[in-house]
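S.K.:
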Amino acid sequence: MTYLITFAIIFLLAVIVIQIGKLTELAASIRGEEVVDRSSTNTQGIALIVFMIVFLVGCVWSTLYYKNQMLGYGPLTSASAHGFELDSLFNVTLFFTGIVFVITHVLLFWYGYKYRQTSGRKAIFFAHDTKLEMIWTVVPAVVMTYLVANGLITWNNIFPTLTEDDNYLEIEATGYQFAWDIRYPGADGKLGNKDFRLIDLASNSLGIDWSDEASVDDVVLGGTDKILLPKDSLIKVRITAKDVLHNFYLPHFRVKMDAVPGIPTSFIFTPVKTTQEFREQLRAYPEWQTPADPADPTGPKKWETFEYELACAELCGNGHYSMRRIVEVVTREEFDTWLAGQKSFYTTNIRNTSTDPYKGTKLFDYEIKARSRELKSDISSYLKDTTGTASRNIQLKHVFFETASATLSDLSRHELENLNKLLKEFPALKIELSGHTDNVGDAVSNLELSKRRAESVRTFLLQLGADPARLSYNGYGQNQPLESNDTEEGREKNRRTELRIISK
Amino acid sequence: MANVIIQEEDVLIKEQGYDDHFHEHHHGDKYQAGFIFHYIFSMDHKIIARQFLITGIIWAIIGAAMSVIFRMQLGFPEESLAWIKPFLGKWIVVDPATGIGKLAPEFYYALVTMHGTIIVFFVLTAGLSGTFSNLLIPFQLGSRDMASPFLNMLSYWFFFLAGVVMFYSLFLSTGPFSGGWVAYPPLSALPQASSGSGSGMTLWLVSLTLFVVSVLLGGINYITTILNLRTKGMTLWRMPLTIWAFFVTAILALLSFPVLASGFFMLIFDRSLGTSFFLSDIFIAGQALDRVGGSPILYQHLFWFLGHPEVYIIILPAMGLVSEVLSVHSRKPIFGYRAMVYSIMAIGFLSFIVWAHHMFMSGVNPFISNFFVVFTLIIAVPSAVKVFNWITTLYGGNIRLNTPLLFSIGFVSMFISGGLTGIFLGNSAIDIQMHDTYFVVAHFHIVMGVAAFFGMFAGIYHWYPRMYGRFMNETLGKIHFWGTIICAYAIFWPMHYIGMAGVPRRYYSFDTFEAFKHFNDLNKFITIFAIIAFFVQLLFVINFFYSIWYGRKMKTKNPWKANTLEWTAPIEPVHGNWPGNLPVVHRWPYDYNKDEREFVQQHIPLKEGEIGDH
Chain C
268 MTYLITFAII
278 FLLAVIVIQI
288 GKLTELAASI
298 RGEEVVDRSS
308 TNTQGIALIV
318 FMIVFLVGCV
328 WSTLYYKNQM
338 LGYGPLTSAS
348 AHGFELDSLF
358 NVTLFFTGIV
368 FVITHVLLFW
378 YGYKYRQTSG
388 RKAIFFAHDT
398 KLEMIWTVVP
408 AVVMTYLVAN
418 GLITWNNIFP
428 TLTEDDNYLE
438 IEATGYQFAW
448 DIRYPGADGK
458 LGNKDFRLID
468 LASNSLGIDW
478 SDEASVDDVV
488 LGGTDKILLP
498 KDSLIKVRIT
508 AKDVLHNFYL
518 PHFRVKMDAV
528 PGIPTSFIFT
538 PVKTTQEFRE
548 QLRAYPEWQT
558 PADPADPTGP
568 KKWETFEYEL
578 ACAELCGNGH
588 YSMRRIVEVV
598 TREEFDTWLA
608 GQKSFYTTNI
618 RNTSTDPYKG
628 TKLFDYEIKA
638 RSRELKSDIS
648 SYLKDTTGTA
658 SRNIQLKHVF
668 FETASATLSD
678 LSRHELENLN
688 KLLKEFPALK
698 IELSGHTDNV
708 GDAVSNLELS
718 KRRAESVRTF
728 LLQLGADPAR
738 LSYNGYGQNQ
748 PLESNDTEEG
758 REKNRRTELR
768 IISK
Chain S
2 MANVIIQEED
12 VLIKEQGYDD
22 HFHEHHHGDK
32 YQAGFIFHYI
42 FSMDHKIIAR
52 QFLITGIIWA
62 IIGAAMSVIF
72 RMQLGFPEES
82 LAWIKPFLGK
92 WIVVDPATGI
102 GKLAPEFYYA
112 LVTMHGTIIV
122 FFVLTAGLSG
132 TFSNLLIPFQ
142 LGSRDMASPF
152 LNMLSYWFFF
162 LAGVVMFYSL
172 FLSTGPFSGG
182 WVAYPPLSAL
192 PQASSGSGSG
202 MTLWLVSLTL
212 FVVSVLLGGI
222 NYITTILNLR
232 TKGMTLWRMP
242 LTIWAFFVTA
252 ILALLSFPVL
262 ASGFFMLIFD
272 RSLGTSFFLS
282 DIFIAGQALD
292 RVGGSPILYQ
302 HLFWFLGHPE
312 VYIIILPAMG
322 LVSEVLSVHS
332 RKPIFGYRAM
342 VYSIMAIGFL
352 SFIVWAHHMF
362 MSGVNPFISN
372 FFVVFTLIIA
382 VPSAVKVFNW
392 ITTLYGGNIR
402 LNTPLLFSIG
412 FVSMFISGGL
422 TGIFLGNSAI
432 DIQMHDTYFV
442 VAHFHIVMGV
452 AAFFGMFAGI
462 YHWYPRMYGR
472 FMNETLGKIH
482 FWGTIICAYA
492 IFWPMHYIGM
502 AGVPRRYYSF
512 DTFEAFKHFN
522 DLNKFITIFA
532 IIAFFVQLLF
542 VINFFYSIWY
552 GRKMKTKNPW
562 KANTLEWTAP
572 IEPVHGNWPG
582 NLPVVHRWPY
592 DYNKDEREFV
602 QQHIPLKEGE
612 IGDH
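Taken in order, these protein sequences are the chains called C and S. Number 385 in our numbering belongs to position 118 of the first sequence; there are no gaps in the numbering. Number 67 in our numbering belongs to position 66 of the second sequence; there are no gaps in the numbering.
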């Protein structure tokens, strides 16, 4: 019914409109077309002038009205070094185009009014004028040359070619439907390689290639963590995409670049204001003094909650409008402290899992150091123990053998050198080295293997100069499993070398 | 002498015209006898022009209605859209608890995409160039018809077929294509990436491939006709600017649309045959694709190699129409005729070497952008020349302020406003910030959307008597003009500000971002004016269709006292345009108020000592 009424109203309106049209035509035939034409021409002429004035005044007024919300004119000045150049280029262009805009519009509408048809007058015959035409060809050409030169200088400054000597921080942004992941290099300052074929949503959503050692200390910020950037540091963002095109867009920093699957792009910029400094800048403006949440008038003000934002500026599907990340600029010191405190993705998620290429073949410095502290604390806690709760059995976690052999792998060196040091530190210590296996294979040969392994550990320690009287060894084969031998994880735990403190 | 108008037959043409022995052929009657061949599969350029126009108007209504719907989402995101559920069905998601209906994001993107595709291709390419090239090329050149009326007929029907396929895609359960009118892969290549990239995209590609065929058939016809079928005395330098504009437009179309077609074919291969022209290193929907080595940027090059000339394919015909209308109604020659022609050529040529200015931020080597900045900004020079020439054409005139002329003034105003913002965007450094923001939306809507529509309206109001033998209503026309220009500026001017604040285009909602959500009032303002603009256009539609049957009748052959040849043909259109001889041309078309005569038509012989060219 509503629709019926709507259609009826529309139909009626159409009829009215047609009647108005007919009426004017009827009036024209009664009053004479000449008379009507003349009065209509005058009305239209005046309308042109009125429109021109309202339009031009409206343009100026609305520009002033929205000034503070537009980049560059109010508090929202550039937050990056190159942004100021870009804003000034915008203003230079605005200056020239503004002049042309006003002059041409005034002439266009003014002529329309001034030369409107009157019965007594005749139009002039003015078909061309070489001098005039030269002027308005050459003047725009000169102005355009100036703008082009200015623009290209700015453009090429914004896209410098960085060399190894330049001191810059390279981070990586990866866009996907519909979020961003950000990767920071660790202490080595290098981002490791990645390959989309290595992507595994559960364990490696960026497809980082762990066999590239540079990737091992890379920090990945997923989820909603703030993206931290250091102030006054040259930052190169390597921009990549996983699925479709995205665009890495930092409006406050005048940074924008497509993220293209298969073709890494980059943008180089220097943030010049910390988030806090930018907030202070906003504070001076009354519109930023209002409460951030209108429902909570006593809560924080708008300027206090201001954040830099990362957005997507290339249509990438239904969630295109929601790819928001908060960016926070801090001082270089704060940034360095923050980054040093971040755990690398590899350490927290990959190390010693099935996808770790270094499992059993490589120990990292931080692991050796951590392990050495751990072993020392295990031993000393037994030595100082008065309650009888500390265990006298301590596993030598970093002692490895070649498969089915008693030959120590090279990696075991670190743990055993460390143990040797501890033996010197605690001279009263006597230990038994014991070998253990899982239940795979024949129990007798397992027993034999475990003995030989314990012996080779002892031999190695003796070579380092340990006192043979303080070291005994034994093999227990599969007889003392820590966990069930039914699972691979259990068996892995059961294959081990331990030390047992005989006397303090 | 020239002011004497002979109703039925022009004595001059009868006696001094060019006899091409047309009367000896009777094929016209044979092929135009029945209703089907007269009105449907017509090969007459006048009928085909009207077919293009009316189809264009229908598509324009659809395309505009779509923009109104997505503008409601942007301007009034809190309001319920449940009332359009009967039309849009599942695309309006009604919250069962509150009863508030929301536009689904996937359909928002489908609407944006379809709006662009429909308006750019179906309305402003086919509807504008198709209509007026067909109507005016044979008429203004003094030809019987197009060089190949049959291809001309096919050109319309391929366009029609393209329209049918696109229309059908609107009703797919997965929705029409929703990846933007530019259809960048991988989004457009992978059905996993978006629901609209499934069947919707397939039909989009089929439709536009048919459309390319239509454009090529039309274009080759326009060029051939202009080069071969000009009447006696009609040298190239005596052609009206409309024809020059259609000529360069057709050349642009012929050179650029095949490149787009090649891009489409590669995209079709990538979608269906497992090739990797545009795909590489993609992990989507939980799996890594074994498609490597392609480049998504290659598609962008191919697309914009058409895409940029395409905006001139749209605007050049409008420029031609406006040049003619301004001259006729100012009662003055167009100022700087030759400069105008050279500008059209320069713009046409430059349009082929600027395409990558759409791609400054797409990951092409920044060094390459240097060249494209230079070429792009050179276009400002011929464009400026044209603007100054139009304004000078008004200077010293005796201007009839009727609807066609008002729309022409509106066109020049829009072309200035939108053209000047192009100077910002063409400078790659500024484009870093402005790319893909509302500043771009404002720029291209004003300069090639609204401006082209204004040119088209000027053309329709001016040549309506030539098409239908009746006038459109002037009062309604003027209301239409003022309503449209006010709404157009009210809609697009504020978008500059939103863009200068950095708000990206193609956002379903601005609320996610602190930086983009400050413009609720402005967005409401824009939406309200978009709705008004839509209804103002309905005024035009009513006026158009009503006037076909009930408009004021055209009583004289040359109501505007214009010089071009279409106004020498009989009021009641005939097959072959002129019943007997063809008019012979003696002069250029802009002899207005040259001596004592207010206007001198092109077929009037020269007086002693008079020169025909300018």
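C-beta atoms are modelled at their ideal positions from N, C-alpha and C, and glycine is treated no differently. Note that the coordinates shown come from a computational prediction; the quantities given were computed from them, not determined experimentally.
Assuming Gly742/C is part of the beta strand (DSSP E), what are its boundary residues?
M.R.: First-last of the beta strand (DSSP E) with Gly742/C: 738–742.
S.K.: If we require 3 or more residues per run, which beta strand (DSSP E) segments fall completely within the stretch 438–506 of chain C?
M.R.: If we require 3 residues or more, the beta strand (DSSP E) runs fully inside the stretch 438–506 of chain C come out as 446–451, 486–488, 494–497.
S.K.: So which residues on chain S does Ala314/C lean against when the C-beta distance must stay under 8 Å?
M.R.: Those within 8 Å of Ala314/C in chain S are Trp483.
S.K.: Mind checking Tyr40/S: buried by the 16 CB within 10 Å criterion, or exposed?
M.R.: It is exposed - the Cβ of Tyr40/S has fewer than 16 other Cβ atoms within 10 Å.
S.K.: Just to make sure I have the definition right: I need the residues of chain C whose C-beta is within less than 7 Å of the C-beta of Tyr490/S. Which are they?
M.R.: Ordered by position in chain C, the residues that pass the 7 Å Cβ test against Tyr490/S are Phe322.
S.K.: Could you check which residue in Pro580/S, Ala502/S, Tyr547/S has the C-alpha nearest to that of Tyr333/C?
M.R.: Among Pro580/S, Ala502/S, Tyr547/S, the Cα nearest to that of Tyr333/C belongs to Ala502/S.
S.K.: Measure the C-alpha to C-alpha separation of Thr670/C and Leu714/C and round it to an integer number of angstroms.
M.R.: Roughly 15 Å between the two C-alpha positions.
S.K.: Within 7 Å (strictly less), CB to CB, does Pro452/C reach chain S?
M.R.: Closer than 7 Å: no.
S.K.: Using DSSP with H/G/I as helix, E/B as strand and the rest coil, what is Asn4/S?
M.R.: Confidence at Asn4/S is low in this model, with a pLDDT of 44, below 50, so the placement of that residue is unreliable and no value is reported for it.
S.K.: Which word fits Tyr633/C, buried or exposed, when buried means at least 16 other C-beta atoms lie within 10 angstroms of its C-beta?
M.R.: The residue is exposed, with fewer than 16 neighbouring Cβ atoms inside 10 Å.
S.K.: Asn594/S versus chain C: which residues are under 8 Å apart at the beta carbon?
M.R.: Near Asn594/S (Cβ distances below 8 Å), the residues of chain C are Lys389, Ala390, Ile391, Phe392.
S.K.: Check distances from the C-beta atoms of the stretch 333–351 of chain S to those of chain C and list, in chain order, the residues that come in under 9 Å.
M.R.: Within the stretch 333–351 of chain S, the residues whose Cβ lies closer than 9 Å to some Cβ of chain C are Lys333, Pro334, Ile335, Phe336, Gly337, Tyr338, Arg339, Ala340, listed in chain order.
S.K.: Taking only the alpha-carbon atoms, compute the straight-line gap between Asp527/C and Lys398/C and give it to the nearest angstrom.
M.R.: The question names Asp, but residue 527/C is Val in the sequence shown. Each residue's alpha carbon lies about 51 Å from the other.
S.K.: Name, in chain order, the residues that DSSP records as bridge partners for Ser296/S.
M.R.: For Ser296/S, which the question treats as bridged, DSSP gives no partner whatsoever.
S.K.: Kindly confirm or deny that the stretch 374–391 of chain C and the stretch 426–439 of chain C touch, where touching means at least three C-beta pairs closer than 8 Å.
M.R.: The answer is no - the stretch 426–439 of chain C does not touch the stretch 374–391 of chain C, with fewer than three Cβ pairs under 8 Å.
S.K.: Would you please state the rounded distance, in angstroms, between the beta carbons of Met415/S and Val386/S? I believe it to be under 8 Å.
M.R.: Not really, about 18 Å apart at Cβ, beyond 8 Å.
S.K.: Excluding sequence positions up to five away, which residues of its chain have a Cβ less than 7 Å from the Cβ of Gly744/C?
M.R.: So the qualifying residues of the chain are Thr704, Ala710, Asn713, Leu714, Ser717.
S.K.: Ends of the alpha helix (DSSP H) at Gln730/C?
M.R.: Taken as a continuous stretch (DSSP letters only), the alpha helix (DSSP H) holding Gln730/C covers 710–730.
S.K.: How about Met341/S and Asn403/S: are their beta carbons less than 7 Å apart?
M.R.: No, the Cβ-Cβ distance between Met341/S and Asn403/S is not below 7 Å.
S.K.: If you check the beta carbons only, do Leu204/S and Ser170/S fall under 7 Å apart?
M.R.: In contact: Leu204/S and Ser170/S (Cβ atoms closer than 7 Å).
S.K.: Within a Cβ cutoff of 8 Å, which residues of the same chain sit near Ser198/S, ignoring the five residues on either side of it in sequence?
M.R.: Here the set comprises Phe178, Ser179, Gly180, Leu188, Ser189, Ala190, Leu191, Pro192.
S.K.: From the DSSP output, in three-state form, read off Ala764/C for me.
M.R.: With the sequence shown as reference, residue 764/C is identified as Thr, and Ala is not the correct amino acid for it. Strand at Thr764/C.
S.K.: Note down, in chain order, every chain C residue with its Cβ under 8 Å from the Cβ of Gly181/S.
M.R.: In chain order: Leu582.
S.K.: So what's Glu9/S in DSSP terms, helix, strand or just coil?
M.R.: At Glu9/S, the pLDDT of 46 sits below 50, so the modelled position is not reliable and the matter cannot be decided from this model.
S.K.: Candidates Ile572/S, Pro574/S, Tyr593/S, Asn564/S: which alpha carbon is nearest Val586/S's?
M.R.: If we check each option's Cα against that of Val586/S, Asn564/S comes out closest.
S.K.: Quick check on the DSSP output: the beta strand (DSSP E) that includes Gln662/C runs from which residue to which?
M.R.: 660–662 is the span of the beta strand (DSSP E), which, as asked, contains Gln662/C.
S.K.: When you check each C-beta in the stretch 431–443 of chain S against every C-beta of chain C, which residues fall closer than 9 Å?
M.R.: Cβ contacts with chain C come from Ile431, Asp432, Ile433, Gln434, Met435, His436, Asp437, Thr438.
S.K.: Which whole-angstrom value is the C-beta distance of Arg272/S and Gln384/C, which I expect to be below 8 Å?
M.R.: Contact doesn't hold; Cβ gap of about 58 Å is too wide.
S.K.: Are the C-beta of Ile14/S and some C-beta of chain C separated by less than 7 Å?
M.R.: Judged by the 7 Å Cβ criterion, Ile14/S is not in contact with chain C.
S.K.: Using a Cβ-Cβ cut-off of less than 8 Å, list which residues of the stretch 465–478 of chain S approach chain C; keep chain order.
M.R.: Listed by position, the residues of the stretch 465–478 of chain S near chain C (Cβ gap below 8 Å) are Asn474, Glu475, Thr476, Leu477.
S.K.: Near Ile535/C, what residues of its chain come up, given a Cβ to Cβ distance below 6 Å and the 5 sequence neighbours on each side ignored?
M.R.: For Ile535/C, where only same-chain residues beyond five positions count, the Cβ hits under 6 Å are Lys503.
S.K.: Which residues in chain S sit within 7 Å of Ser589/C, going by Cβ to Cβ distance?
M.R.: Those are Thr513, listed as they occur along chain S.
S.K.: Kindly indicate which three-state DSSP category Gly702/C falls into: helix, strand or coil?
M.R.: Note: Gly702/C maps to strand in three-state DSSP.
S.K.: Determine whether the Cβ of Leu686/C lies closer than 7 Å to any Cβ atom of chain S.
M.R.: No - not a single Cβ of chain S is within 7 Å of the one on Leu686/C.
S.K.: Which two residues bound the contiguous alpha helix (DSSP H) that contains Thr226/S?
M.R.: That run of the alpha helix (DSSP H) goes 200–229.
S.K.: Measuring only between beta-carbons, confirm whether Gln543/C sits less than 7 Å from chain S.
M.R.: So, not an interface residue.
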